[in-house]
Amino acid sequence: MSHTGKNTNALRPIRVEPNSTFSDIASPNIMMDARPLFTEPFHPYHPFKALDGRTRLYPRYARSQKPVRYYYIDFGYSKRFKEGEGRMVSGWNAREQAPEQVDGDPYDPFKADVYQLGAILRRDLIPSNTSLSFLLPIARQMTEEQPCKRPTLAVARRAMNDQFGNLNGWRKRWPIIPPFSTPRSRIALYWIGIRTELVHILQTLIRLFIPIH
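Numbering (the working numbering), first residue to last: 20 to 232.
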């Protein structure tokens, strides 16, 4: 479950470190620790079921209410460079190959990371969540065919933050409704959105009419 204002988290699993690269960014290699969203433990293999494997569970909180953490897994192709070491590597074994990885020639893995993450945004997130369509320009820049035309990860993050900053408040808080959601899940997500807005309005009114001394 997600809401629009928290999707900058897509860029947070990679820390912007000058000497480290992942080289295999793909949706199957990104995991979210969803425990803060639930009020009881969920099944380790079926995260929307209780520990008995049968009872259906639904998130109690949105990520705007309970922050979650994201993790990359499968570090088989990651590399940490020493200070002053050359930044070119070879290899093509990645789930989401950047164009320069296809032929196995030496390439800049930092630029490949940017391409792979942009591909996730462009193919997996934006098409299934129309509320994120404003991210398409930066996703296109990140997936430029020529590595030299791609922004750095830090620049991409700043661009996304600027885009989110231009959104109206309710658009930041409103949950994203995945197209494959069941009717019950859709109702639950709409209710979370309405409840979040009501709480926000109430808090705003309290600040307006009840002075804080």
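Cβ atoms here follow ideal geometry from the backbone N, Cα and C, with glycine treated the same way. Here the structure is a predicted model, which means the values were calculated and not measured.
Using a C-beta cut-off of 8 Å, the segment 53-60 makes contact with the segment 68-82, since at least three inter-stretch Cβ pairs fall below that distance. The bridge partners DSSP lists for D52 are R88. In the structure shown, T201 adopts coil according to DSSP, grouped into three states.
Here Y126 really is in contact with E119; their C-beta atoms are around 4 Å apart, less than 8 Å. Around V108, the same chain offers P128 as residues with beta carbons nearer than 6 Å, after the five sequence neighbours per side are excluded. Looking at the DSSP output, R75 bridges to K68. Counted as a single uninterrupted DSSP element, the alpha helix (DSSP H) harbouring D181 occupies residues L172 to G184.
Rounded to the nearest whole angstrom, the C-alpha separation of G137 and N48 is 14 Å. Within the model, the alpha-carbon separation for R177 versus R169 is close to 14 Å. Look at the beta carbons and you see the segment 184-201 touching the segment 138-150: at least three pairs across the two are nearer than 8 Å. The C-alpha of P63 is placed about 38 Å away from the C-alpha of R106. Straight-line measurement puts the Cα of F183 at about 26 Å from the Cα of T40. For D132 against Y96, the beta-carbon gap comes to about 10 Å, at or over 8 Å, which does not count as contact.
Separation of L172 and R88 (C-alpha to C-alpha, rounded to the nearest whole angstrom) is 19 Å. Between A158 and L140, the beta carbon gap of about 4 Å places them in contact (Cβ cut-off 8 Å).
A distance below 6 Å between beta-carbons, with the five flanking residues on each side excluded, links S204 to no residue of its chain. Counting only the Cα atoms, Q165 lies some 40 Å from L208. No Cβ-Cβ contact shorter than 7 Å links F100 with N180. Taking the Cα positions, K68 is about 15 Å away from T201.
Taking C-beta separations shorter than 6 Å and ignoring five residues to either side along the sequence, the partners of G212 in its chain run W193 and P194, following chain order. Within the model, the alpha-carbon separation for F228 versus T215 is close to 20 Å. When DSSP states are grouped into helix, strand and coil, K98 belongs to the strand group.
Here V121 has W111 as same chain residues with Cβ atoms under 8 Å from its own Cβ, once five neighbours each way along the sequence are excluded.
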